[in-house]
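All remarks here apply to the structure that follows.
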Amino acid sequence: MQYFAGIDIGSTAIKIAIIDEDKNLVGQKISASGSMFYKYAQEALAELLNSLGIKDDELVYIVATGYGRKLFKEANEKISEITANAIGARAAAKGECDIKTIINIGGQDSKAISLDNEGNVINFAMNDRCAAGTGKFLDVVAMNLEIGVDELGKYHFMSKGTPLSINSTCAVFAESEIIGLLGNNHSIEDIVAGVHYSIAKRIIKLVKRVGIKEAIYFDGGPALNEGLVNAIENELSKEIYIPKHPQITTAFGAAILASESYSYLQNS
Ligand code: ADP
210 MQYFAGIDIG STAIKIAIID EDKNLVGQKI SASGSMFYKY AQEALAELLN SLGIKDDELV
270 YIVATGYGRK LFKEANEKIS EITANAIGAR AAAKGECDIK TIINIGGQDS KAISLDNEGN
330 VINFAMNDRC AAGTGKFLDV VAMNLEIGVD ELGKYHFMSK GTPLSINSTC AVFAESEIIG
390 LLGNNHSIED IVAGVHYSIA KRIIKLVKRV GIKEAIYFDG GPALNEGLVN AIENELSKEI
450 YIPKHPQITT AFGAAILASE SYSYLQNS
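Using our numbering, the first residue of the sequence shown is number 210, and each one after it goes up by one.
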């Protein structure tokens with residue numbers, strides 16, 4: 210059996226997807242990027258292959274993507290995360306919906322990608338200058354509220370009434386604003402809901418730059434947060450599609466490209 214790997218070395222997390230010859234996802238791994246992207250990515254790949262019982266020579270083609278892709282020397286090919294995200298998103302939603310817009314929120318940036326009917330990228334917009342509206346912002350909020358980032362969704366749905374308004378457009382000032390709200394006896398759940406709505410409003414401004422066309426797909430680690438999904442859907446007044454494994458879509462897209470590049474090379 211031959212296998213193909215997509216490795217997405219993000220600012221916050223390394224994501225690896227392994228697919229087989231039929232493009233089925235056979236394994237995945239998510240680990241922290243930390244300070245040594247290359248070393249940690251190599252270790253994560255070795256651990257994943259070992260746990261799946263895949264020998265080194267069965268892994269025939271590797272495509273690296275993401276922020277740290279240039280460092281991954283073993284990759285046969287390197288592609289931009291925009292391309293990998295588009296391929297992965299279309300494949301993940303295949304047979305369920307026809308994606309025209311991708312919202313991706315990562316650890317330190319957020320993106321909106323517009324696709325044509327064939328799934329080609331026709332436009333994209335990116336915010337990588339400001340932490341507000343990114344996973345980092347959610348991590349800082351969770352830390353200030355002394356809850357896990359994976360608990361934000363639960364607190365969001367416990368909020369009653371109108372969500373608090375978080376006005377700061379900078380993550381650093383938003384942190385002080387949140388501490389101020391805690392000092393004024395606002396509940397954790399109302400603050401969490403307010404943060405989600407403030408991120409939703411920011412991300413919608415970004416999506417409007419490429420145009421909002423359905424079906425809308427949301428991925429990246431923060432798409433695991435059902436509260437944030439709820440806030441974006443309410444602000445958009447539209448349903449958004451969340452794949453089964455939202456954090457690994459880009460790695461999955463890179464793995465698909467790996468299998469296609471490999472068969473192209475074999476047949477040429
Ligand atoms: P990048 O590709 O930039 O490294 P990711 O798409 O991996 O970013 O997203 C990382 C972010 O995902 C984290 O900063 C965190 O806020 C969020 N995240 C990760 N796991 C969860 C979870 N279980 N629930 C909610 N948010 C999560």
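Glycine residues also receive a C-beta, built at the ideal position from the N, C-alpha and C atoms.
Opposing strand residues paired with residue i [DSSP bridges]
i, result
"residue 487", "As displayed, the chain neither begins before 210 nor continues past 477, which places residue 487 out of reach and without an answer."
"residue 286", "272"
"residue 351", "Answer is none; residue 351 lacks a bridge partner."
"residue 449", "425"
"residue 330", "324"
"residue 212", "268"
Residue i in three-state terms, based on DSSP
i, result
"residue 343", "coil"
"residue 336", "strand"
"residue 281", "coil"
"residue 294", "helix"
"residue 254", "helix"
"residue 468", "helix"
"residue 231", "coil"
"residue 457", "helix"
"residue 303", "coil"
Residue range of the unbroken alpha helix (DSSP H) whose run includes residue i
i, result
"residue 397", "397-419"
"residue 441", "435-445"
"residue 388", "380-392"
"residue 363", "361-367"
For residue j and residue i, the rounded distance between their alpha carbons
i, j, result
"residue 403", "residue 350", "11 Å"
"residue 348", "residue 254", "26 Å"
"residue 438", "residue 473", "38 Å"
"residue 229", "residue 450", "25 Å"
"residue 385", "residue 356", "17 Å"
"residue 560", "residue 358", "Here the chain comprises residues numbered 210 to 477, so residue 560 is not present and cannot be evaluated."
"residue 309", "residue 415", "15 Å"
"residue 213", "residue 468", "6 Å"
"residue 452", "residue 216", "18 Å"
"residue 442", "residue 265", "43 Å"
"residue 274", "residue 395", "42 Å"
"residue 257", "residue 334", "33 Å"
Start and end residues, beta strand (DSSP E) containing residue i
i, result
"residue 263", "Note, residue 263: premise wrong, no beta strand (DSSP E); not H, not E."
"residue 237", "234-241"
"residue 313", "310-314"
"residue 224", "222-228"
"residue 322", "319-324"
"residue 428", "425-428"
Pair every Cβ in the segment 453-465 with every Cβ in the segment 286-302, then say whether three or more of these pairs are closer than 8 Å. yes
Taking one C-beta from the segment 309-316 and one from the segment 217-230 each time, how about it: are there three or more such pairs within less than 8 Å? Segments in contact, yes.
At least three beta-carbon pairs within less than 8 Å, the segment 392-410 to the segment 423-437: The segment 392-410 vs the segment 423-437: in contact.
Any contact of the segment 387-404 with the segment 279-289, i.e. 3+ C-beta pairs under 8 Å? Proximity of the segment 387-404 to the segment 279-289 falls short of the contact definition, fewer than three beta-carbon pairs being nearer than 8 Å.
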